[in-house]
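Residue numbers for the sequence shown, in the working numbering: -10 to 65. Here's the structure, in structure tokens; my notes come after.
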Amino acid sequence: MIYDIFWAFLIISSVIPNYMFALVFVVFDVETVFLYPWAMSFDVLGVSVFIEAFIFVLIPIVGSVYAWRKGALEWS
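Set out below in structure tokens:
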């Protein structure tokens, strides 16, 4: 019984840090998918769309810096 609880704790504690890194990867991967069409038609769209894309990129970067400063991305 105690042996099973130990292994369950070991598995759960090793999965959570991987989950955080996977979540950050998925956020930036989806962001890249949305930015690709914008980059292909940048010369047609104009400056206002550039500002919108900059804000779109800035929000996940600020979120990642916040998570990093809070220690959510630390291996322990």
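Beta carbons: idealized from backbone N, C-alpha and C, even for Gly. Owing to the predicted nature of the structure, the values given are computational and were not obtained by experimental measurement.
C-alpha gap between residue i and residue j, whole angstroms
| i | j | result |
| --- | --- | --- |
| Phe39 | Val46 | 11 Å |
| Ala28 | Tyr55 | 27 Å |
| Phe23 | Lys59 | 28 Å |
| Leu12 | Val51 | 15 Å |
| Phe14 | Ser53 | 10 Å |
| Asp32 | Tyr25 | 13 Å |
Sequence-distant residues of the same chain with beta carbon closer than 6 Å to residue i, five excluded per side
| i | result |
| --- | --- |
| Ala61 | Met9 |
Cβ-based neighbour list, residue i, same chain, cut-off 7 Å, excluding 5 preceding and 5 following
| i | result |
| --- | --- |
| Pro49 | Val16, Phe17, Glu20 |
Checklist entry - For the stretch 30 to 57, which segments carrying the beta strand (DSSP E) assignment without a break, of at least 3 residues, lie completely within its bounds, in sequence order? => result none
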